[in-house]
Amino acid sequence: TIEGGAIRDIADEVARSVRERVRQERVVGPSTPDETWARRSGDCTEIADLTAELLRRRGVEARAAGGAAAHGGELRWHAWVEYRDERWAPIDPTLNQHAVDFTHVRLDHAARASELERLDAFIARAVISPRPLLRPVFP
5 TIEGGAIRDI
15 ADEVARSVRE
25 RVRQERVVGP
35 STPDETWARR
45 SGDCTEIADL
55 TAELLRRRGV
65 EARAAGGAAA
75 HGGELRWHAW
85 VEYRDERWAP
95 IDPTLNQHAV
105 DFTHVRLDHA
115 ARASELERLD
125 AFIARAVISP
135 RPLLRPVFP
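Right, here's the structure in full:
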């Protein structure tokens with residue numbers, strides 16, 4: 005059993021190691037964590053899968069999560085990691101965020117295709133304002 009506080013330290017260490025060693029770039033088609041590590045490159049999905057796998061190898065329960073995230077003024081499809089401490093805690097190795105905030109919207113892995121299509125249409129129209137808002141602004 006890993007002692008309290010140590011799990012977050014392990015998650016930070018693994019995410020930092022992946023960020024330092026894996027170049028972020030678009031990858032066409034799925035890759036296993038071992039392929040991503042060997043290639044030393046991947047997009048957010050590969051980086052999340054690799055980070056989750058390395059956490060599990062260190063004895064930390066972890067899973068990749070996905071949905072939408074605001075970054076650079078745009079709302080995009082994105083993947084990050086959740087690890088189990090006292091509860092599921094998010095960490096985003098791609099965007100270098102330990103405490104994933106309201107800019108990340110997690111989607112259920114079992115979301116129906118029609119729900120994903122509606123969200124995709126929403127994302128395509130959304131504009132992220134530099135001011136804090138309670139709702140997105142549309143052009």
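Numbering (the numbering used here), first residue to last: 5 to 143.
Every residue gets a Cβ at the ideal spot worked out from N, C-alpha and C, and that includes glycine.
DSSP places Leu111 outside both helix and strand once states are collapsed to three, so it counts as coil.
Contact between the segment 41–57 and the segment 19–30 is present: 3 or more CB-CB pairs across the two stretches fall below 8 Å.
If you compare the alpha carbons of Val109, Gly46, Val104 with that of Glu24, the shortest gap goes to Gly46. Counting only the Cα atoms, Asp38 lies some 17 Å from Arg30. Runs of the beta strand (DSSP E) spanning 3 or more residues and lying entirely within the segment 46–85 occur at 66–75, in chain order.
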